[in-house]
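Student:
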Amino acid sequence: MLDKVKQLIVFYEEVLSMPHRQEIARELRNEDDMFLLLLYSEMLGIPNPVYYYTLELYPYMTENYHEWHLRMGMEKSPMAGFRCC
-4 MLDKVKQLIV
6 FYEEVLSMPH
16 RQEIARELRN
26 EDDMFLLLLY
36 SEMLGIPNPV
46 YYYTLELYPY
56 MTENYHEWHL
66 RMGMEKSPMA
76 GFRCC
């Protein structure tokens, strides 16, 4: 009985989110882009007041950097010491 209720809840959530999947994906991409801009802003020459805290996140975010700078319209990495292409 509990499994049937869980399946019903999952189905209900899918039905509600189905027409808005593109909007949700776009918003998530925009949030990721803003976060990466904050993360890499010090390297781009924009003052970052939380640079000390975001510095710890670099190893986790390097995988996404290439996709981000291409999405932002930069053909090559704008940072001299940071090569990804």
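What the sequence shown shows, in this note's numbering, is residues -4 to 80, in sequence order.
Ideal Cβ placement from N, Cα and C applies to all residues, glycine included.
Everything numeric in this text was worked out from a predicted model, so none of it was measured.
1. Between which residues of its own chain and N43 is the CB-CB distance below 6 Å, once the five residues before and five after are set aside?
2. Spatial neighbours of D28 within its chain, please: C-beta separation below 8 Å, excluding the five flanking residues on both sides.
3. If L31 sits next to T49, beta carbons under 8 Å apart, how far is it from one beta carbon to the other, in whole angstroms?
4. Short of 8 Å in beta carbon distance, which residues of its chain neighbour V149, apart from the five on each side in sequence? Order them along the chain.
5. Is P44 helix, strand or coil when you go by DSSP?
Tutor: On the basis of the coordinates in this document:
1. S36 and E37
2. W63, R66 and M67
3. That belief does not hold up - the Cβ atoms of L31 and T49 are roughly 10 Å apart, past 8 Å.
4. No answer is possible for residue 149: it lies beyond the span of the chain, which begins at -4 and ends at 80.
5. coil
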